[in-house]
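Undergrad: Quick one: structure below, then a few questions.
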Amino acid sequence: MKHTIILISTLFLVAITVSSDPIESACKQFNRQISIYRPQGVVVNQRVRRNLVGLEMEVYINQEERSNPMCDLCANATMSGRRRKLLQINNPSVLVLPGDNFQYTVTKRYRNGPPAQLSCKFRVSGDRMISLHPAVRHCPENAPRSNVVREINYAAEKRLLEDTINELLTACEAAGTTKMLILLGNYQDIESEKALKRYVIGRLDSLLPSVEWDGTVENVYRSNERFVFEVKTALMKLKILHLVRGAEAAASIVDYDKQARSTYDRDDYFDEDYDEHESTTGVVEVMF
């Protein structure tokens, strides 16, 4: 009797393990089909096989604690002909940061048979993101130096120096530097874009009044209970970071580029609906 109980318990545990492994494996496979871009953007690619005619996807970012979550990305791609080889969902405006909780539900619809649905989640960590602006060296190493004699005009010299630094930030080793900063603390869930920008500028004015924020702040985003905003130039961002160094404002205004990067698990896998080595002729792309 004792041996029978042990055998039944062992079989029960094995059954649980076997039933959960296919879901975990399927999530791991589909994660490879999702590309998260820096500073923003999400692309999902799905190879067309087995009478697949449509792909639907809902993405929820940092909403695991919400009782009524609203999808940050709701999109679908549908076959328009039998010659199509790839379905693609492309949203260039979705903002995902390192440490974000990325939840999604994907539904595959087939010409014959019921749809297949999969729900997965992962924490964005490591170096998952793909940079849209990789650093490329364009400056010649042995460029001749100009020996032009200029009058002592500090205002003109300052403008020239700023222009030169901006060119270096754009064209040389620092081309990967963004114009983005993060504002921490006192988070408020503001829906209106204009109200959100006014609130961020007001907080920045109180933290660092020496900067003319109204003419400096451009785009403002919300992510993971933080505000992410862009300034006009990468040089302006460096100036701001220099001004807050050693001050109390340094705890609230931080560099977006210092955040940890993230990437997918690069383990080999096989997805019967996705094959990297086949031709990608015929792409159905949905832009938002």
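The sequence shown begins at 1 in my numbering and counts up one residue at a time. No residue lacks a Cβ here, since even glycine has one placed at the ideal position from N, Cα and C. Keep in mind that this is a model prediction, so the values were computed, not measured.
For Q63, which of L208, R32, F122, R128 has the nearest alpha-carbon?
TA: The sequence position of residue 63 within the sequence shown is 63, counting from 1. Residue F122 is the option with its Cα nearest to Q63.
Undergrad: Is the segment 83-94 touching the segment 35-46 in the sense that three or more CB pairs, one from each, lie closer than 8 Å?
TA: Touching, per the Cβ criterion.
Undergrad: Use the C-beta contact count for R50: other C-beta atoms within 10 angstroms, 16 or more gives buried, fewer gives exposed.
TA: Translated into positions along the sequence shown, residue 50 becomes position 50. The residue in question, R50, is exposed, as its Cβ has fewer than 16 Cβ neighbours within 10 Å.
Undergrad: May I ask you to report which of helix, strand or coil DSSP gives A77?
TA: Reading the sequence shown from its first residue, position 77 is the one you call residue 77. In the structure shown, A77 sits in a strand (DSSP, three-state: E or B).
Undergrad: Looking only at its own chain, which residues have a Cβ that is under 7 Å from the Cβ of D257, when we skip the five neighbours before and after it?
TA: Position 257 of the sequence shown, counted from the start, is the residue given in the question as residue 257. The residues are T177, T178.
Undergrad: Could you check whether the Cβ of S25 sits closer than 8 Å to any Cβ belonging to chain B?
TA: The structure shown has no chain B; it contains just one protein chain.
Undergrad: Evaluate D72 with the Cβ neighbour count: other Cβ atoms within 10 Å of its Cβ, from every protein chain shown; 16 or more gives buried, anything less gives exposed.
TA: Taking the first residue of the sequence shown as position 1, residue 72 is located at position 72. Per the 10 Å Cβ criterion, buried.
Undergrad: Enumerate in chain order the residues of its own chain whose CB-to-CB distance from Y199 is below 7 Å, with the five nearest sequence positions on each side excluded.
TA: Numbered from 1 along the sequence shown, position 199 holds the residue referred to as residue 199. Taken in chain order, the residues that qualify are Q188, I190.
Undergrad: For I61, which option in K28, C120, S252 has the closest C-alpha, if you only look at C-alpha atoms?
TA: Working through the sequence shown from its first residue, we reach residue 61 at position 61. It is C120.
Undergrad: From D100, P115, G215, pick the residue whose C-alpha is nearest to that of D127; which is it?
TA: Translated into the one-based positions of the sequence shown, residue 127 becomes position 127. Minimum Cα distance to D127 is reached at D100.
Undergrad: Run through DSSP, which three-state label would Q29 get?
TA: Reading the sequence shown from its first residue, position 29 is the one you call residue 29. Looking at Q29 - three-state DSSP - the assignment turns out to be helix.
Undergrad: With DSSP run on the structure shown, which of helix, strand or coil describes S125?
TA: Walking along the sequence shown from the start, residue 125 turns up at place 125. In the structure shown, S125 sits in coil (DSSP, three-state: anything other than H, G, I, E or B).
Undergrad: Between V254 and I182, what straight-line distance do the alpha-carbon atoms span, to the nearest angstrom?
TA: The residue you call residue 254 lines up with position 254 of the sequence shown. The residue you call residue 182 lines up with position 182 of the sequence shown. Computed Cα separation, rounded: 5 Å.
Undergrad: Under a three-way DSSP split, which group does V149 fall into?
TA: One-based indexing of the sequence shown puts residue 149 at position 149. Only weak support is given to the placement of V149: the predicted model assigns it a pLDDT of 46, under 50, and the question is left unresolved by the model.
Undergrad: How would you write the range of the alpha helix (DSSP H) that M236 sits in, first residue to last?
TA: If you number the sequence shown from 1, residue 236 lands on position 236. 234-244 is the extent of the alpha helix (DSSP H) around M236.
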